[in-house]
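Presented below is the structure to which this report refers.
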Amino acid sequence: KQEVTQIPAALSVPEGENLVLNCSFTDSAIYNLQWFRQDPGKGLTSLLLIQSSQREQTSGRLNASLDKSSGRSTLYIAASQPGDSATYLCAVRPVGTGTASKLTFGTGTRLQVTL
Amino acid sequence: GAVVSQHPSRVICKSGTSVKIECRSLDFQATTMFWYRQFPKQSLMLMATSNEGSKATYEQGVEKDKFLINHASLTLSTLTVTSAHPEDSSFYICSARGDLAGGGRNEQFFGPGTRLTVL
């Protein structure tokens, strides 16, 4: 059974700092991996999707990497801003099709960027 | 990214009533839709998965007669909480997955959620 862990569980950094969020998964047979952010009381916003054949994806100040063989992904946030404060979730989708192919979510990292 | 809408965003109802939540994919065809619930400070818990035109597959421990899911078209799924009770109060989030035109990445997108409070 796939297990996804995120470290740290919570993080507080001053504005402007670069930071790294970690995600590890136990089963490397994945189809893709997604990073999401969730603001309090809101749904999830998809940030980046990395296919299993890719090593990284970039969007603005965000960069996500994937090392499938070691079961790890990192989300790098450059020059953090207070608006980045949210809970960040990684989720892996297993190889397979149809309804069996559902996401397994990590435990989340709660990020606070202070002024 | 693609847009998934949910309606209503918030609903308060009396115990024993039924509540219907709609989930729509606005700019892509959702071949698969998912329904989650989330308790405060916890991660999402998958309730059920559905493909358009077929019956939903429920996760273990989720009562299919209580949480009725209809995926009538490639852009609409509904979740009906029947005879709701206070313990059904939660944050319900739908998600949709499908091939984006020209993308084909099978990315999963989430709605903004529905806060259900049962008195």
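As they're listed, the protein sequences go chains A and B. Sequential numbering from 1 applies to the first sequence in our numbering. Sequential numbering from 1001 applies to the second sequence in our numbering. All C-beta atoms, glycine included, are put in the ideal place defined by N, C-alpha and C.
Inset, instruction - Tell whether a beta-carbon distance below 7 angstroms holds between Glu1059 (chain B) and Leu1046 (chain B). - result: yes
Legend entry - Pick from A:Ser12, A:Leu33 and A:Gly16 that is closest to Ala2 (chain A), judged by C-alpha positions: At residue 2 (chain A) the sequence reads Gln, which differs from the Ala that was named. Answer by Cα proximity: A:Leu33.
Inset, instruction - Measuring alpha carbon to alpha carbon, tell me which of B:Gln1029, B:Thr1017 and B:Phe1091 ends up nearest Leu1076 (chain B). - result: B:Gln1029
Inset, instruction - Go through its chain and collect everything with a Cβ distance to Gly1102 (chain B)'s Cβ below 8 angstroms, but skip five positions before and after it. - result: The pLDDT assigned to Gly1102 (chain B) is 44, lower than 50, so where the model puts this residue is not dependable; a value taken from the coordinates is nonetheless given after this. Excluding residues within five positions, none has a Cβ falling inside 8 angstroms.
Legend entry - C-beta atoms of Leu66 (chain A) and Ser59 (chain A) nearer than 7 angstroms: no
Inset, instruction - Name the one or two DSSP bridge partners that Lys1064 (chain B) has. - result: DSSP, once it has assigned bridges, lists no residue as partnering Lys1064 (chain B).
Legend entry - Within chain A, the residues that Pro1086 (chain B) reaches when beta carbons sit closer than 8 angstroms: Result: empty, since nearest Cβ-Cβ is about 19 angstroms, beyond 8 angstroms.
Inset, instruction - Verify whether the separation of the beta carbon atoms of Leu49 (chain A) and Glu1107 (chain B) is less than 7 angstroms. - result: yes
Inset, instruction - Assign Pro1086 (chain B) to one of three DSSP states: helix, strand, or coil. - result: helix
Inset, instruction - Would you mind working out which of A:Ala9, A:Glu15 and A:Phe36 sits nearest Lys1041 (chain B), comparing C-alpha positions? - result: A:Ala9
Legend entry - Where Ala78 (chain A) falls, given that 16 or more other Cβ within 10 Å makes a residue buried: exposed
Legend entry - Ala84 (chain A) (DSSP reduced to helix, strand or coil): According to the sequence shown, residue 84 (chain A) is Asp rather than Ala. Of the three classes helix, strand and coil, the one that applies to Asp84 (chain A) here is helix, per DSSP.
Inset, instruction - Grab me the residues of Thr1078 (chain B)'s own chain with a C-beta within less than 6 angstroms of its C-beta, minus the 5 sequence neighbours each way, in chain order. - result: Lys1020, Glu1022 and Asn1070
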